[in-house]
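Colleague: Please see the structure below; I have some questions.
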Amino acid sequence: MNIEAFREYCLAKKGVTESLPFGPDVLVFKVMDKMFALCALEKMPATANLKCDPERAIELREEYDGLITAGYHMSKKHWNTVELERNIPADLLLELIDHSYNLVVQGLTKKVQAELEKL
Numbered sequence: 001m002n003i004e005a006f007r008e009y010c011l012a013k014k015g016v017t018e019s020l021p022f023g024p025d026v027l028v029f030k031v032m033d034k035m036f037a038l039c040a041l042e043k044m045p046a047t048a049n050l051k052c053d054p055e056r057a058i059e060l061r062e063e064y065d066g067l068i069t070a071g072y073h074m075s076k077k078h079w080n081t082v083e084l085e086r087n088i089p090a091d092l093l094l095e096l097i098d099h100s101y102n103l104v105v106q107g108l109t110k111k112v113q114a115e116l117e118k119l
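The numbers in this note's numbering rise by one with no breaks, and the one at position 37 of the sequence shown is 37.
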């Protein structure tokens, strides 16, 4: 999956915005102002950081050794770095984006979750 397809999929989700808060090289996707995905724009191969359940994160790192690693510049327990344009199935990448988004939404306050539902 290329960065543009990754971007389009993220932006199609409810309540998502994109920004460059860390400079021009890191594209950040947020749901209701909370990060769920980051893309390194200048890094090759293209990578993305995605939030992940800690146990699942370890399983993915073992199964996709070298393609999914502990989150670069993120909490290694809760984030994975995924190579976008390598041998990871596209359906798995979409599932990981959904998983990250859902984890962040679950962590929102009930009030903010209600605001998201109204969008």
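Idealized CB from N, CA, C, for every residue including glycine.
Beta-carbon within less than 6 Å of Y72's beta-carbon, same chain only, minus the 5 sequence neighbours each way: which residues are those?
Modeller: T81, listed in sequence order.
Colleague: Helix, strand or coil for N87 per DSSP?
Modeller: coil
Colleague: For T17 and K77, what's the separation of their Cα atoms in angstroms?
Modeller: 25 Å
Colleague: Thinking C-beta only, is L84 closer than 8 Å to A46?
Modeller: yes
Colleague: Is M32 near N49, with beta carbons less than 8 Å apart?
Modeller: no
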